[in-house]
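Written below as structure tokens is the structure these notes are about.
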Amino acid sequence: MIPENPYLLLTPGPLSTSRTVRAAMNRDWCTWDSDYNSLVQKIRARLVELSQGGSAYTSVLMQGSGTFSVEAVLWTCLKPDSTLLVISNGAYGKRMARIASQMGANLRVLTFPEGSQPDPKVVEKTLQEHPEISHLGMVHCETTTGMLNRYAPIADLASKWEKIFILDAMSSFGGIPLDVRSPKIDFLISSANKCIQGVPGFGFVLADRTRLQGCEGNSKSHSLDLVDQWKTMEENQGKWRFTSPTHTVRAFLQALQELEEEGGVAARYQRYRLNHEILIRGMENAGIRAFLSAEDQSPIITAFHEPENPGFSFEKLYHLLKSEGFVIYPGKVSQAPTFRIGHIGHVFPADIHRLVAAVEKIKFW
Ligand SMILES: *Cc1c(COP(=O)(O)O)cnc(C)c1O
Numbered sequence: 001m002i003p004e005n006p007y008l009l010l011t012p013g014p015l016s017t018s019r020t021v022r023a024a025m026n027r028d029w030c031t032w033d034s035d036y037n038s039l040v041q042k043i044r045a046r047l048v049e050l051s052q053g054g055s056a057y058t059s060v061l062m063q064g065s066g067t068f069s070v071e072a073v074l075w076t077c078l079k080p081d082s083t084l085l086v087i088s089n090g091a092y093g094k095r096m097a098r099i100a101s102q103m104g105a106n107l108r109v110l111t112f113p114e115g116s117q118p119d120p121k122v123v124e125k126t127l128q129e130h131p132e133i134s135h136l137g138m139v140h141c142e143t144t145t146g147m148l149n150r151y152a153p154i155a156d157l158a159s160k161w162e163k164i165f166i167l168d169a170m171s172s173f174g175g176i177p178l179d180v181r182s183p184k185i186d187f188l189i190s191s192a193n194k195c196i197q198g199v200p201g202f203g204f205v206l207a208d209r210t211r212l213q214g215c216e217g218n219s220k221s222h223s224l225d226l227v228d229q230w231k232t233m234e235e236n237q238g239k240w241r242f243t244s245p246t247h248t249v250r251a252f253l254q255a256l257q258e259l260e261e262e263g264g265v266a267a268r269y270q271r272y273r274l275n276h277e278i279l280i281r282g283m284e285n286a287g288i289r290a291f292l293s294a295e296d297q298s299p300i301i302t303a304f305h306e307p308e309n310p311g312f313s314f315e316k317l318y319h320l321l322k323s324e325g326f327v328i329y330p331g332k333v334s335q336a337p338t339f340r341i342g343h344i345g346h347v348f349p350a351d352i353h354r355l356v357a358a359v360e361k362i363k364f365w
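Next up, the structure:
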């Protein structure tokens, strides 16, 4: 018997999953034969389909949280003579730069304010001035603010200037329609516990097959070597190099089936959008303003300014909402006191209506 959750997670991962996704974990698997490995192959093929990559693209799964897959891409792509340009407007862009810096990679960082879109003109100027740049990395949905970064003009610049384009689409892949071929994304990174609505335990990378092949021998990390992991999965039909997160993988396959039953990425996107719209309207009625302007908002997570009322405290809001069955998220914006509410996962418009009603009942502002 799989119990109901005691509360709804309005956080961008781990997030609330369906009872059937959780139920799918309820057995053990041997990893030595095709019973299990064929599930891995199904997942890999389905991810390529979702990315619209066709035969030019492949997918690799990697143990760990999403950050491990970001790090795996950087270890695998970058050579001693490569230079990575990270375009950052939030904590996750900063994290990509931090990983590259700690690896000792040649790195340039272009930082934009947390509430602003990256400016393609500035990016192009940087590419002109620094011909040594070989790779461009950025975040799609910057989960710090909920900002949906317009990556298309930057990806177009990467193609124009023949740079390799890396997109951290961790919190958007599967929830926002996208085509990896146009504008071209060479490496796209996401993880099990975001918009596909699986449980935590692994990340995955969608890669241009030729680009990935060209990275053989680059990685100085053994466990995060994507080419090595990929070759093992390809040559042994879904075998992982090291212990595979079997329960998480089985749950993920179930989550992919449920994505299809919902009507695919387009339908999920509509649900997330509706969640966001109900939330933002309800919060505005309660006198709480969103951090971003409407054209920058993603349907993934929304950041709100903390009300200036001296009676307000995030702790209090958090605990009151938790007692009503909702878990919200602290802020991560460095310029302003904010808090965040996620609207991805097994969360529906009726849940958001209940949340808004619970917020309206709270009287400390
Ligand atoms: C969730 C997330 C990550 C990965 O975070 P982990 O805690 O390692 O799973 C990376 N980038 C973005 C934009 C994210 O939302």
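First residue of the sequence shown? That's 1 in UniProt numbering, and the numbers climb one at a time after it.
Glycine included, each C-beta is placed from N, C-alpha and C at the ideal position.
Item                                                                                        : Value
N- and C-terminal bounds of the alpha helix (DSSP H) containing Gly264                      : 264-285
Whole-angstrom distance between Arg46 and Asp119, CA atom to CA atom                        : 34 Å
Inter-residue spacing [alpha-carbon to alpha-carbon] between Ile2 and Thr143                : 30 Å
In DSSP terms, what Val327 is bridged to                                                    : Leu9
Residue(s) in a DSSP beta bridge with Ala207                                                : Thr58, Phe187
Proximity below 9 Å, CB of Thr302 to CB of Phe291                                           : yes
CB of Gly342 within 9 Å of CB of Pro6, strictly                                             : no
Assumed close pair Ile87, Val249 - CB separation to whole angstroms, cut-off 8 Å            : That pair is no contact at about 32 Å.
Short Cβ contact (9 Å threshold) for Val265 with Ile176                                     : yes
Paired residues, beta bridge with Ile301 - DSSP                                             : Gly342
Delimiting residues of the beta strand (DSSP E) encompassing Asn106                         : 106-111
Any 3 or more C-beta pairs closer than 8 Å across the region 315-329 and the region 190-201 : no
Whole-angstrom distance between Leu8 and Thr76, CA atom to CA atom                          : 37 Å
According to DSSP, residues forming a beta bridge with Asp168                               : Val139, Ile189
Tyr151 beta carbon near ligand 1 (any heavy atom closer than 8 Å)                           : no
Range covered by the beta strand (DSSP E) that runs through Thr83                           : 83-88
Given 8 Å, three or more beta-carbon pairs between the region 224-233 and the region 56-64  : yes
As assigned by DSSP and simplified to three states, the class of Ile196                     : coil
Stretch pair the region 129-140 + the region 78-86: three plus CB contacts closer than 8 Å  : yes
Inter-residue Cα distance where the pair is Thr17 and Ser51                                 : 22 Å
Distance cut-off 8 Å: Cys30 Cβ against heavy atoms of ligand 1                              : no
Minimum C-alpha distance to Ile164 - residue among His247, Val73, Glu49                     : Val73
Sheet register partners of Arg181 (DSSP bridge)                                             : Lys184
Distance cut-off 8 Å: Phe202 Cβ against heavy atoms of ligand 1                             : no
Lys194: CB within 8 Å of a non-hydrogen atom of ligand 1                                    : yes
Ser59 versus Leu279: straight-line alpha-carbon distance, rounded                           : 35 Å
beta-carbon Val139 near ligand 1 non-hydrogen atom, thresh 8 Å                              : yes
Residues near Phe112 in its chain [Cβ-Cβ closer than 6 Å; skip 5 each side]                 : Asn89, Pro118
Alpha helix (DSSP H) segment containing Leu157, residue limits                              : 152-160
Straight-line gap, Gly269 to Leu259 (C-alpha atoms, nearest Å)                              : First, the amino acid is wrong: residue 269 is Tyr here, not Gly. Each residue's Cα considered, the two are about 11 Å apart.
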